[in-house]
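The next block holds one structure in the form of structure tokens; read it before the comments.
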Amino acid sequence: MIDRILPSIGTRLGLFVGVMMAGFVLIIVSVLILFNLIDESNKKFNLLQEQEHFLQHFNGSVLESIIMIDRIILEDQGSVIPELLALNEDSLGYFGRYQSAAQFAGLEHDRYAADENEPLIFRIRADIFEIASLYRNHQLQQAREKRLELMERRLPPLVTFIRNARELRDFDLEDISIQISELRRTATITIIVVFIAIMLLVVIIAVAVNRSIVKPIGRLKYVVDHFMSTGQTTDLLANPRDNSKDELVHLTESFNKMARQLFDNKIQQDELIEDLGQKNTELERFTYTVSHDLKSPLVTVNGFIGLLEKDIAAGDETRIREDIQKITSATKTMAALLEDLLELSRVGQQVSPSQEISLTELSEGVVDALQISIREHKAEINIQADMPAVFADKLRIGEVIQNLLENAIKFSGEGNEPHIEISATREQDKVLVLFKDNGIGIDPRYHDTVFGLFDRLDSNIPGTGVGLALVKRIVEIHGGQIWIESTGNGQGSTFCFSLPAA
Amino acid sequence: MGITTGGEPLVLLLIEDNAAHAEMVKRSFEQHKVANVIQHVDDGQKALDYLFREGEYTDADKYPLPHCILLDLRLPKVDGLEVLRQIKTSDDLLKTPVVVLTTSAADKDIAMAYEYHANSYVVKPLDFAKFEALMEDLGYYWMIWNKNSRI
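In structure tokens form, the structure reads like this:
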């Protein structure tokens, strides 16, 4: 699925890495935020504690001041006056710090209460100063009255304020510690949830990446290995992931192309090697037969010259004539061989380009050219009137017709008047040509050997053994095939060959 | 008057498609009177028919089995090597010496001939004096000096 949404492996890998990085950033940021919140709550908690601390000190210093006033006024201990004044300043200081701590902690009601009670605090401070100053001036009566006033009128609201403030402290502290523990719990849960979510996402993406990248690579590797070991491309061509278009699919396509090309090249190479091998065998056979068959008449010529000398010495006229006849015949054989070989070597290079040929017209032309031989052998030749046209080299096909006709006449059999039928039928893109004769026929054992170079079935009938080799060569050069249908034993034979249709 | 061994006429089978060469061989042998009878066949099929007494060669008196065979390699219908193979795989014929007499001096032919157990391989010399000398030597060696197995 992922390979359809994101067609590129690069994008897929990018997404994978991106999601992982975003996940970790998210975790870090959320952790930072939560810790920051907790930290602030802690600070607030500390401020509250500090505030309480100042409140206690304030409370303590006020109580002590009361005790000192009692000692000065009731027990006449004037010596503690400086101490009282110092304590008086301290308590004011504690109050001020309590007040600013409330401000820092943002405790509006605390601050409000403090601000409201500030005049009272200053009044008490002023009262204490006044008591101290009255005592110093020995106005004990006034001092006592002032003390009474302090106790009855100033202290009760102060005590109320302190009590309320302490209650508020306790309430706030409890409140904030609940807040902190709630924050801690939220932080832990959030981190765990975010972590699990990201891990899940990473696993899902990893599985998807694995499916869309790693598995296809493995498959590609298997297929490449398979191709390397067997040279078969079949598995490779059937890639099931053809609905996606990522780099791997392109790679596979390229590999398929390469494999097909390699395969085609291999086939071409094999064909070429086979072709060259055939040509080489043909050439070897050619040089072998040439050396053998050309040497043969030379042996004859030399031999009969030797015999001729002897026969001349013996004066045997009959033998002399025979010897000369053998020598002449051998030289003629050699000349014919050389000519036929030249002809055969020319066939390899097609002299004229292929053209549309009427087989009927061409056959009639060849028959005209062979009139003398035909009349001599009293041969009857029937040519089908409307043979299909072929696409071939006219001169060469003429040679084929001539050779087959001459062959049929040559092997017509003793005292038998040759009767030859030439016909043709079209079969798809080929034309099948038939030369049917009533001659001696060819034993099925020799149907292949008659086409071999210098191969002859009967050494008593003149010939070089090149004619049918030439015919076969010409037909094969035109991409056709040639074969014989004959049962032998005088039942005649049919030479069949195919040529490209026009 | 030919030389005989134990009253039995010496028979040579000449398997040669070239009529002129056959005559050269025959006349050389006539001159030296080595063989009593020279039987000549001009293609591979006739040679096999002769040796295995088939076709027109069923008459054992008219076509006696040879004491020595001269075999050309390039023959119409059945190749000389095939004739040689059939001789050397036949229990009745394998002891008959076969001398390959051919124009080919190709290594492949020589190797194949010996692979098929030819007893000797000689190339027809171009020079006629040498040809005659060779025929004489072959006749004396294979028909007279060489002892054939009688079992």
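Chain order of the listed sequences is A and B.
Once you know that position 462 of the first sequence is 462 in our numbering, the rest is easy, because the numbers rise by one and skip nothing.
Once you know that position 98 of the second sequence is 98 in our numbering, the rest is easy, because the numbers rise by one and skip nothing.
We put the beta carbon where it would ideally sit given N, CA and C, even for glycine.
Below 8 Å, enough C-beta pairs join the region 471-480 of chain A and the region 389-398 of chain A to call them touching: three or more.
At least one CB atom of chain A sits nearer than 8 Å to the CB of B/Phe128. A check of alpha carbon separations from B/Ala22 across B/Leu75, B/Tyr140, B/Leu81 and B/Arg53 identifies B/Leu75 as the nearest.
Chain A places no beta carbon closer than 8 Å to that of B/Pro9, leaving this residue out of the contacts. Looking at the backbone, the Cα of A/Ala132 and that of A/Ala102 are separated by about 32 Å.
Taking 8 Å as the cut-off, the beta carbon of B/Cys68 is found no closer than this to the beta carbon of B/Trp145. Residue contact check for B/Ser90 against chain A: no CB pair falls below 8 Å. Residues of chain A with a Cβ closer than 7 Å to the Cβ of B/Phe52 do not exist, since the nearest Cβ in that chain sits about 16 Å away. Shown here, A/Lys332 sits in a helix according to DSSP, grouped into three states.
Under the Cβ distance rule, B/His40 does not count among the residues neighbouring chain A, no pair being separated by less than 8 Å. Inter-residue distance for A/Leu84 and A/Glu75 is about 15 Å (C-alpha atoms, whole angstroms).
In the structure shown, A/Glu152 adopts helical secondary structure according to DSSP, grouped into three states. Those residues of the region 13-35 of chain B placed with their C-beta closer than 8 Å to a C-beta in chain A are Asp17, Asn18, Ala19, Ala20, His21, Glu23, Met24 and Arg27, ordered along the chain. Here A/Val202 is near A/Val19, since their CB atoms are less than 8 Å apart.
DSSP places A/Thr494 within a strand segment (E or B) once states are collapsed to three.
Within the region 83-145 of chain B, the complete alpha helix (DSSP H) runs of at least 4 residues fall at 107-115 and 128-138. Nearest to A/Pro216 by C-alpha distance, out of A/Val249, A/Leu434 and A/Asp311, is A/Val249.
Under a criterion of Cβ atoms nearer than 8 Å, the residues of chain B adjacent to A/Asn302 are, in order, Leu126, Asp127, Phe128 and Phe131. Taking C-beta atoms under 8 Å as the contact rule, B/Val123 and B/Thr103 qualify, at a distance of about 7 Å. Here B/Pro9 has Gly2, Asn36, Val37 and Pro64 as same chain residues with Cβ atoms under 8 Å from its own Cβ, once five neighbours each way along the sequence are excluded. Burial check for B/Pro66: the Cβ neighbour count within 10 Å reaches 16 or more, so the residue is buried. In the displayed model, A/Thr188 falls within a helix according to three-state DSSP. Per DSSP, the continuous beta strand (DSSP E) segment holding A/His419 begins and ends at His419 to Glu427.
Using a CB distance below 9 Å, the part of the region 97-115 of chain B facing chain A consists of Thr102, Thr103, Ser104, Ala105, Ala106, Lys108 and Asp109, ordered along the chain. Within the region 66-95 of chain B, Leu73, Arg74, Leu75, Pro76, Lys77, Val78 and Asp79 place their CB atoms closer than 9 Å to a CB of chain A, listed in sequence order. Close CB contacts of A/Thr289 within its chain, under the 8 Å cut and outside five residues either way in sequence, are with Leu453 and Phe454 (chain order).
Per the Cβ contact rule, the region 175-191 of chain A is in contact with the region 19-33 of chain A (3 or more Cβ pairs under 8 Å). The beta carbon of A/Gly463 is closer than 8 Å to those of Lys410 and Arg456 in its chain, skipping five residues each way along the sequence. Counting the other CB atoms within 10 Å of its CB gives A/Arg211 a total below 16, which places it among the exposed residues. Think of a sphere of 8 Å around the beta carbon of A/Leu307: the chain B residues whose beta carbon falls inside it are Met24, Arg27 and Phe128, in chain order. Boundaries around A/Ala132 are those of the alpha helix (DSSP H), Glu108 to Arg136, since no beta strand (DSSP E) includes it.
Note on geometry: alpha-carbon atoms of A/Leu308 and A/Lys279 lie some 43 Å from one another.
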